[in-house]
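Here numbering that gives the first Met the number 0 is used: the first residue of the sequence shown is 0, the next is one more, and so on. Inspection log for the structure reproduced underneath, given as structure tokens.
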Amino acid sequence: MLAPRLKAVFKLADQDKPSFFSVLLIGIAQIIVWGGSFFLLAVMARPIMSEMGWGRELVYGALSLSILVSAFALPYIGRLI
Numbered sequence: 000m001l002a003p004r005l006k007a008v009f010k011l012a013d014q015d016k017p018s019f020f021s022v023l024l025i026g027i028a029q030i031i032v033w034g035g036s037f038f039l040l041a042v043m044a045r046p047i048m049s050e051m052g053w054g055r056e057l058v059y060g061a062l063s064l065s066i067l068v069s070a071f072a073l074p075y076i077g078r079l080i
């Protein structure tokens with residue numbers, strides 16, 4: 000139900016190439032989301048450590064591990080898309 004609405008908004012239904020506006024909008028959204036996700040841990044690390052009883056190494060190590068897993072998984076996921 001949402002996909003037809005998105006096609007109407009971005010006018011991609013009859014185009015082979017996405018419009019400049021849609022690419023710009025998605026690019027801005029990605030910058031905001033990725034920036035927020037990386038800086039979120041800097042804000043939330045202390046509450047996570049105090050509530051869960053974990054050390055700083057474990058909290059930041061988990062972030063590092065998730066970035067590594069993403070780096071190795073993205074080529075395979077990209078082929079599926």
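Yeah, the Cβ is synthetic: ideal placement off N, Cα and C, and Gly gets one too. Note that this is a predicted model, so its numbers are computed, not measured.
One Cα belongs to PHE38, the other to PHE19, and the distance between them is close to 29 Å. According to the DSSP assignment, PRO74 belongs to the alpha helix (DSSP H) that extends over 55-79. Between the stretch 17-35 and the stretch 46-59, the count of Cβ pairs shorter than 8 Å is below three; the stretches do not touch. Between the alpha carbons of LYS16 and GLY54 lies a gap of roughly 48 Å.
GLU50 and ALA61 have their C-alpha atoms roughly 16 Å apart. Going by C-alpha positions, ILE30 is about 32 Å away from GLY52. DSSP, reduced to helix, strand and coil, places SER21 within a helical segment of the structure shown.
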